[in-house]
Amino acid sequence: MKKHFLLLLLFLNFFSTVFSQIKSSEDIIKKYDEYFELERETIFTHFNKSRFFEGEEIWFKTYIYNNNYQIPFESTTNIYVSIFNESGNIITSKLLYASKGYANGNFLIEEKFTPGIYFVKTSTNWMKNFKEDLSHVQMIEIIGDRQEDNVNLVSESKYDLQFLPEGGHIVEDVNNTIGFKLLNNKGNGVAIKEGTVFDENKNIITTFKSNQFGLGKFSLNAKASTNYSVSISLATSEIITRPIGIIEKKGVSFKAAVTNNDNVIIALETNNFTIRDLIGKSYYLLVHRGGGQIIKLKIDFVENQLKYFLRLKKPELLPGINILTLVNENYKPVAERLVFNNLKTPIKEIMVEGIETQKDSSTVKLRTNINTEINPSFSVSVLPASNESYNSQSTIMTSFLLTPYINGNIENPYYYFSNNDHKTLYDLDLLLLNQGWSRYNWDDIFKAPLSVNYVFETGFVIKGSLNSYKQKAGDLIVLSSSENQIHESGIIENSTFTFENLFFADDTSINFSLKNKNGKLTKPFVYANIFPKSINDNLQNLSAYKKVY
1 MKKHFLLLLL
11 FLNFFSTVFS
21 QIKSSEDIIK
31 KYDEYFELER
41 ETIFTHFNKS
51 RFFEGEEIWF
61 KTYIYNNNYQ
71 IPFESTTNIY
81 VSIFNESGNI
91 ITSKLLYASK
101 GYANGNFLIE
111 EKFTPGIYFV
121 KTSTNWMKNF
131 KEDLSHVQMI
141 EIIGDRQEDN
151 VNLVSESKYD
161 LQFLPEGGHI
171 VEDVNNTIGF
181 KLLNNKGNGV
191 AIKEGTVFDE
201 NKNIITTFKS
211 NQFGLGKFSL
221 NAKASTNYSV
231 SISLATSEII
241 TRPIGIIEKK
251 GVSFKAAVTN
261 NDNVIIALET
271 NNFTIRDLIG
281 KSYYLLVHRG
291 GGQIIKLKID
301 FVENQLKYFL
311 RLKKPELLPG
321 INILTLVNEN
331 YKPVAERLVF
341 NNLKTPIKEI
351 MVEGIETQKD
361 SSTVKLRTNI
371 NTEINPSFSV
381 SVLPASNESY
391 NSQSTIMTSF
401 LLTPYINGNI
411 ENPYYYFSNN
421 DHKTLYDLDL
431 LLLNQGWSRY
441 NWDDIFKAPL
451 SVNYVFETGF
461 VIKGSLNSYK
471 QKAGDLIVLS
481 SSENQIHESG
491 IIENSTFTFE
501 NLFFADDTSI
511 NFSLKNKNGK
521 LTKPFVYANI
531 FPKSINDNLQ
541 NLSAYKKVY
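Numbering (the numbering used here), first residue to last: 1 to 549.
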């Protein structure tokens with residue numbers, strides 16, 4: 001059973017507030033629980049490298065994770081692995097057996113793999129039930145005499161400067177926090193040397209810089225009647241100028257800050273034009289993360305009060321990502337913010353203590369603070385230090401702790417969990433601020449509960465029927481395999497039978513026998529099908545995975 005918690009609000013002294021805990025309106029919680037009642041698998045695949053030559057092998061290990069409980073998803077057994085070309089056409093695929101939350105596999109790079117870009121997708125049948133794409137996709141390159149086909153025709157001087165106000169809106173007469181990111185034509189971040197915000201009269205409002213990934217933020221108290229622009233300069237001496245966008249006459253500014261002293265400070269601010277419309281209405285702040293715990297807080301706006309502050313304790317929040325959603329009296333989301341709680345996050349360090357080399361072999365000694373009694377599972381890719389054959393677009397930590405909840409690409413995923421210092425946590429918060437809304441669509445949540453159209457597969461299923469058979473009491477159909485497996489099944493009406501939860505390796509042959517009540521075996525005439533028959537897969541959002549080399 002899921003648990004829901006109502007937290008005691010701790011208010012800052014310098015502003016009076018009128019937040020109160022939700023004591024009714026359970027419909028919103030019911031719909032939320034219904035949407036996330038079906039548990040979701042999170043998947044990550046670790047490859048030996050990402051660039052290959054013909055004749056080499058792609059080795060990999062897949063991990064399946066239960067995000068709600070932060071443990072391996074041990075009930076998963078069937079893992080689909082498919083390789084697509086750059087056009088999104090499937091080239092080859094495999095069905096792997098997973099045990100205790102992981103699976104291993106490999107592909108030989110044969111002649112059908114011409115030089116170019118490919119995408120390896122790992123997923124399960126169960127994942128197809130959900131609106132969110134929960135599969136893992138890794139881009140790889142087969143090296144050879146590849147025609148570049150005008151790869152460099154797009155000028156590197158083309159940039160995309162995006163503004164993302166915290167909470168989703170820039171409101172007049174409010175101290176807004178505006179996130180920004182600068183991307184080049186490859187979708188990679190570009191550092192901003194210096195930026196300036198100015199109004200239509202060229203008055204400088206504020207200045208700013210970005211981090212190494214082109215991410216940053218600045219504050220702006222704006223007027224709806226005034227036009228604002230940003231001018232940025234790059235290390236290349238290029239100057240880019242863009243308008244900021246629409247300033248809304250009415251609205252609520254929604255900000256969150258993760259402090260160093262185990263607090264998350266939430267600030268709501270509105271203006272005199274808006275407060276008159278908010279009085280007497282109930283808003284709600286939901287703190288959640290795709291199932292499990294949800295904190296629900298009622299917000300009552302009062303006359304002449306424009307600022308509201310709330311402090312939440314990190315130990316009371318979920319470890320890792322927490323989604324803060326502000327909804328109005330009609331349960332329509334009006335603002336959203338993602339924050340990362342670094343307390344109790346299941347990140348363990350593994351240190352390389354030494355390497356011993358003997359002839360053609362090397363022994364690597366690892367030291368970790370992981371409790372070995374829980375039987376941890378590892379995978380290690382070993383390459384020369386100067387090698388450029390490994391360029392993964394994700395890590396196991398970003399795949400399990402960030403990707404399930406956010407939209408968009410994470411550039412340099414290794415960085416965000418390389419340290420737990422202030423700079424790294426600040427950059428992680430900038431990433432979340434500039435990712436905007438979470439990947440969960442509230443319109444979907446408030447619709448009818450999800451229906452199960454795709455079963456949770458456990459091995460293979462064989463369904464068959466006996467031809468020219470007259471049913472007799474006590475008869476059984478016996479399945480035997482070349483792996484010395486023996487299974488028995490009863491024969492039901494219409495002379496049909498079913499075997500479930502079967503696990504076979506490649507090229508396994510099977511035979512059927514008919515056994516009567518006395519144990520005598522005869523050869524029957526059988527018509528049978530095995531499920532799943534074949535892998536019918538596709539690659540969603542192909543353009544999002546593409547990268548120009």
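Each residue gets a CB set at the ideal place from its N, CA and C atoms; glycine is no exception.
Computed from a prediction, not measured in an experiment: that's the story for all the values here.
Beta-carbon gap between residue i and residue j smaller than 9 Å
i, j, result
"ALA191", "GLN212", "yes"
"TYR65", "GLU41", "yes"
"THR270", "PHE218", "no"
"ILE232", "GLY195", "yes"
"ILE58", "LEU286", "no"
"TYR228", "ILE265", "no"
"PHE73", "GLU39", "yes"
"MET127", "GLN393", "no"
"ILE321", "ARG289", "yes"
"LEU425", "PRO413", "no"
"TYR63", "ILE396", "yes"
"TYR405", "VAL334", "no"
"GLY168", "TRP442", "no"
Secondary structure of residue i, DSSP reduced to three states
i, result
"ASN494", "helix"
"HIS422", "helix"
"ARG311", "strand"
"TYR527", "strand"
"SER219", "strand"
"LEU343", "coil"
"THR398", "helix"
"GLN138", "strand"
"ILE535", "coil"
"THR363", "strand"
"TYR440", "coil"
"GLY214", "coil"
"VAL154", "Note that VAL154 has pLDDT 39, beneath the 50 cutoff, so the model's placement of it is unreliable and no number is given."
"LEU383", "coil"
"GLN540", "coil"
"GLN147", "Reliability fails at GLN147, whose pLDDT of 48 lies under 50, so the model's placement of it is uncertain and no value is given."
"ASP27", "helix"
"TYR405", "helix"
"PHE130", "coil"
"ILE22", "In this prediction, ILE22 scores a pLDDT of 33, lower than 50, which makes its location untrustworthy; the coordinate-derived value is nonetheless stated afterwards. Residue state, collapsed to three classes: coil."
"GLY280", "coil"
"LEU476", "strand"
"ASN66", "strand"
"GLU248", "strand"
"GLU269", "strand"
"GLN358", "strand"
"THR274", "helix"
Nearest candidate by alpha-carbon position, reference residue i, set the options
i, options, result
"LYS131", "LEU338, SER225, PHE36 and GLN393", "PHE36"
"SER561", "LEU38, PHE44, LYS31 and GLU34", "In the structure displayed, the chain extends from 1 to 549; residue 561 sits before or after that span and is not available."
"SER451", "ILE29, GLU34, GLU26 and LYS30", "GLU34"
"LYS523", "SER534, ILE530 and SER468", "SER468"
"THR345", "GLY464, ASN441, ASN420 and ASN541", "ASN420"
"VAL461", "LYS314, SER534, LYS517 and ASN48", "SER534"
"PHE208", "VAL230, ASN434, LEU38 and ALA222", "VAL230"
"PHE180", "ASN484, LEU95, GLU111 and LEU432", "LEU432"
"ASN260", "PRO404, SER93 and HIS422", "HIS422"
"TYR440", "TYR414, GLY408 and TYR415", "GLY408"
"GLU111", "LYS100, PHE52, MET127 and GLY464", "PHE52"
"GLY214", "ASN203, ASN484, ARG242 and ASN184", "ASN184"
"THR124", "GLY116, PHE113 and HIS136", "HIS136"
"ASP444", "GLY88, GLU26, ASN68 and ASN129", "ASN129"
"GLU54", "PHE113, LYS30 and LYS94", "PHE113"
"ILE530", "GLY459, GLY187, ILE323 and ILE410", "GLY459"
Whole-number beta carbon distance between residue j and residue i, since they are thought to touch under 8 Å
i, j, result
"ASN263", "ARG311", "5 Å"
"GLU336", "ILE247", "Contact flag wrong, Cβ pair sits at about 20 Å."
"ILE275", "LEU234", "Actually they are not in contact, since the Cβ atoms of ILE275 and LEU234 sit about 42 Å apart, beyond 8 Å."
"ARG76", "TYR97", "Looking at the sequence shown, residue 76 is not Arg but Thr. Not really, about 10 Å apart at Cβ, beyond 8 Å."
"LYS121", "ASP537", "7 Å"
"LYS49", "TYR390", "5 Å"
"TYR102", "SER377", "5 Å"
"ASP427", "TYR416", "7 Å"
"ILE279", "VAL302", "7 Å"
"PRO115", "GLY144", "3 Å"
Examine the Cβ distances between the segment 476-486 and the segment 510-518 and report whether three or more of them are shorter than 8 Å.
yes
Tell me whether the segment 327-336 and the segment 348-355 touch, counting them as touching only if at least three CB pairs, one residue from each stretch, are closer than 8 Å.
no
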